[in-house]
Amino acid sequence: MNHWKPIEITMVALFVAFMAVGANITSFLVIGGVPITLQTFFAILAGLLLGKRLGSFAMITYMFIGLIGIPIFSGISGGLIVLTKPSFGFILAFIVTAFLCGLFVEKKKTMTTFLFSAFIGLLINYILGTHWMYLAYKVWYAAPAGFNYALVWSWMILPFIKDIIFTVIAGLLGYRMYQVYFKKSTLFNTISTKNSV
120 MNHWKPIEIT
130 MVALFVAFMA
140 VGANITSFLV
150 IGGVPITLQT
160 FFAILAGLLL
170 GKRLGSFAMI
180 TYMFIGLIGI
190 PIFSGISGGL
200 IVLTKPSFGF
210 ILAFIVTAFL
220 CGLFVEKKKT
230 MTTFLFSAFI
240 GLLINYILGT
250 HWMYLAYKVW
260 YAAPAGFNYA
270 LVWSWMILPF
280 IKDIIFTVIA
290 GLLGYRMYQV
300 YFKKSTLFNT
310 ISTKNSV
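Heads up, the sequence shown is in my numbering, so the first residue is 120 and it goes up one at a time.
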């Protein structure tokens, strides 16, 4: 059984905090029941910097803390009621996003890989989150008039444009932080070694 090191716990906690802030800093903007947040940016960055193991665990921790009632989701909300919201699929998708971003950069740490991984994470996040939202409106949520699959994706256009910009920033920032702070430190080596096991 692997023991958690203090630096790993600290990094997980840090990204949980980033997710909480990112969930609410712009969440007053809502399209189709989905708040416009910076969570995708931080989920991608978590995977790029912490790797698949710690990155995805940070997202799981964020989800768990919110579901037990701590108001860290968008709109300063929390609790099991969030499970029924159309946007919950994106919270689940953050876990997969962080895992895949971490998986790719662990194999090869170049700027191209960081950017490629970031965009893979973005696409997966939107595919999973949007399909959950469609299902939510179809099955248990009150769908608006004229609701269909195309309408759901039309709601995603503006958030997607914003997230494309922040995905580029995440890829470049993640690579820069790796080069400056992580590459020559024991922190990234510790995280990378454990993630590759």
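Every residue, glycine too, gets a C-beta built ideally from N, C-alpha and C.
**OP:** Report yes or no: do the segment 263-272 and the segment 220-231 share at least 3 C-beta pairs separated by less than 8 Å?
**Re:** No, they do not touch.
**OP:** Would you be able to state if there are at least three C-beta pairs under 8 Å between the segment 128-144 and the segment 161-169?
**Re:** Taking one beta carbon from each stretch, the segment 161-169 and the segment 128-144 have 3 or more pairs nearer than 8 Å; the two touch.
**OP:** Buried or exposed for Asn-143, please, with buried defined as at least 16 other CB atoms from any protein chain shown within 10 angstroms of its CB.
**Re:** buried
Original post:
Measuring CA to CA, which of Val-140, Lys-124, Thr-156 and Val-135 is closest to Lys-281?
Top reply: Thr-156
**OP:** Determine the closest residue to Leu-292 out of Ile-126, Gly-208, Ala-212 and Ser-236, with distance taken between C-alpha atoms.
**Re:** Ser-236
Original post:
Whose CA, out of Met-178, Ala-139, Met-252 and Phe-137, lies closest to the CA of Thr-203?
Top reply: With distances taken between Cα atoms, Thr-203 lies closest to Met-252.
Subject >> Bounding residues of the alpha helix (DSSP H) (the contiguous stretch that carries Leu-157) >> reply: Neither: Leu-157 is in no alpha helix (DSSP H) and is coded neither H nor E.
Original post:
From what residue to what residue does the alpha helix (DSSP H) around Leu-222 run?
Top reply: 207-226
Original post:
From Trp-123 to Ile-288, what does the alpha carbon distance come to, in whole angstroms?
Top reply: 30 Å
**OP:** Report the residue ranges of all alpha helix (DSSP H) runs contained in full by the segment 217-279; include only those spanning at least 4 residues, in chain order.
**Re:** 230-258 and 268-274
Subject >> 6 Å Cβ shell around Ala-255 - same chain, five flanking residues per side excluded >> reply: Pro-205
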